[in-house]
Amino acid sequence: MARTVWRESPKKLEVSDRSSAELHVLAVDDSLVDRRVIERLLKISSCKVTAVESGSRALQYLGLDGNKDSIGFQDLKVNLIMTDYSMPGMTGYELLKKIKTSSTLSKIPVVIMSSENIMARIDRCLEEGAEDFLLKPVKLSDVKRLKDFILKGEETVEEKVTTHKRKLTDGHDASPESPSSSIEYDPSSPSPSAPKRPRL
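Throughout the sequence shown, residue numbering follows my numbering, covering 454 to 653 in sequence.
In structure tokens form, the structure reads like this:
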């Protein structure tokens with residue numbers, strides 16, 4: 454089976470770059486056919502896609518392999534990671550754990566894909582922090598649902614931050630004659646955290 458190899462001096466990295474893309478998805482699958490399928494579905498949904506063939510390549514791309522020459526998450530933001538469960542070397546479950554224990558990448562949603570409907574496997578991935586578990590073949594409706602879910606989650610966080618800033622500004626500008634309309638803000642108090650995104 455043909456394989457795309459990314460070594461120290463990368464010869465080829467499967468990247469579908471679209472300037473109008475709203476989301477950047479990292480797709481991880483050892484099957485070239487499955488990578489092509491998920492890449493096509495993501496492109497139809499106007500997503501930017503980076504496809505790699507193993508968990509170790511994904512870690513290298515994300516900058517978690519300890520190699521300073523890796524592209525790294527800071528250089529190219531990833532909004533979603535979709536990974537196959539059964540892969541040689543490093544499984545999707547092991548990749549999920551690596552990502553969720555990273556201080557910089559733990560907030561990235563991870564979706565596990567598998568052709569096997571094994572409840573124990575599904576539960577284990579969800580308990581470890583996976584946002585969803587998709588059965589192969591992945592359908593276009595699955596991809597669109599994930600995209601809408603992520604965009605809605607990001608908009609919700611941005612709206613809460615904007616609302617919080619507006620309240621602080623309104624409280625700062627309030628007239629002293631009307632203390633009931635002012636808002637006292639204690640810089641030492643912890644800022645409200647964004648709500649945890651519900652699982653799909």
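Built from N, CA and C at the ideal position, the CB exists for glycine as well.
Notebook entry, point to check: Hey, would you say K553 sits closer than 8 Å to S559, going by beta carbons?
Noted result: By 1-based counting over the sequence shown, the position of residue 553 is 100. By 1-based counting over the sequence shown, the position of residue 559 is 106. Yes, these two residues count as a Cβ contact at 8 Å.
Check: Mapping DSSP to helix, strand and coil, what is A573?
Finding: As a working mapping, residue 573 is identified with position 120 in the sequence shown. Of the three classes helix, strand and coil, the one that applies to A573 here is helix, per DSSP.
Note to self: Residues in the same chain with beta-carbon distance under 8 Å from S507, minus the five sequence neighbours each way, listed in chain order, please.
What the structure shows: The residue given as residue 507 occupies position 54 in the sequence shown. Non-local C-beta neighbours of S507 in its own chain, meaning closer than 8 Å and more than five positions away in sequence, comprise V481, D483, M540, P541, G542 and M543, ordered along the chain.
Next item on the list: Identify every residue that forms a DSSP beta bridge with V563.
Entry: Position 110 of the sequence shown holds residue 563. DSSP, once it has assigned bridges, lists I534 as partnering V563.
Next item on the list: Buried or exposed for T557, please, with buried defined as at least 16 other CB atoms from any protein chain shown within 10 angstroms of its CB.
Entry: Residue 557 sits at position 104 when you count from the first residue of the sequence shown. Sixteen is the threshold: since fewer than 16 other Cβ atoms of the shown chains lie within 10 Å of the Cβ of T557, the residue is exposed.
Next item on the list: Output the distance between the C-alpha atoms of I491 and E547, rounded to the nearest integer angstrom.
Entry: One-based indexing of the sequence shown puts residue 491 at position 38. One-based indexing of the sequence shown puts residue 547 at position 94. Cα-Cα distance, rounded: 21 Å.
Note to self: One question on the structure: do M566 and V531 come within less than 8 Å of each other, judged by their Cβ atoms?
What the structure shows: On the sequence shown, position 113 is the one that residue 566 refers to. On the sequence shown, position 78 is the one that residue 531 refers to. Result no, Cβ atoms of M566 and V531 do not sit closer than 8 Å.
Next item on the list: Would you check whether the ligand ZN has a heavy atom nearer than 7 Å to the C-beta of D487?
Entry: This structure lacks the ligand ZN; in fact it carries no ligand of any kind.
Checklist line | Straight-line Cα distance separating L485 from I561 | finding: In the sequence shown, counting from the first residue as 1, residue 561 sits at position 108. In the sequence shown, counting from the first residue as 1, residue 485 sits at position 32. Taking the straight line joining both Cα atoms gives about 24 Å.
Next item on the list: Could you please give the first and the last residue of the uninterrupted alpha helix (DSSP H) stretch that includes L494?
Entry: In the sequence shown, the residue the question calls residue 494 occupies position 41. Per DSSP, the unbroken alpha helix (DSSP H) holding L494 starts and ends at L485 to I497.
Next item on the list: Mind reading off the beta-carbon distance from L587 to L494? Whole number of angstroms is fine, and I expect it under 8 Å.
Entry: The count along the sequence shown starts at 1 and reaches residue 587 at position 134. The count along the sequence shown starts at 1 and reaches residue 494 at position 41. Contact between L587 and L494 does not hold, since their C-beta atoms are separated by about 11 Å, which reaches or exceeds 8 Å.
Check: Going along the chain, which residues of its own chain have a beta-carbon closer than 6 Å to the beta-carbon of D601, five neighbours each way excluded?
Finding: Stepping through the sequence shown from its first residue, residue 601 is reached at position 148. Within the same chain, no Cβ atom closer than 6 Å to the Cβ of D601 is found once the five residues on either side in sequence are excluded.
Notebook entry, point to check: On the three-state DSSP scale, how would you describe K553?
Noted result: Position 100 of the sequence shown, counted from the start, is the residue given in the question as residue 553. In the three-state reduction of the DSSP assignment, K553 falls in the helix class.
Margin query: Could you pull the DSSP bridge partners for F586 from this structure?
Written below: Along the sequence shown, one-based indexing puts residue 586 at 133. Per DSSP, I565.
Next item on the list: Spell out whether any CB of chain B is found under 8 Å from the CB atom of L588.
Entry: Protein chains in the displayed structure number just one, and chain B is not present.
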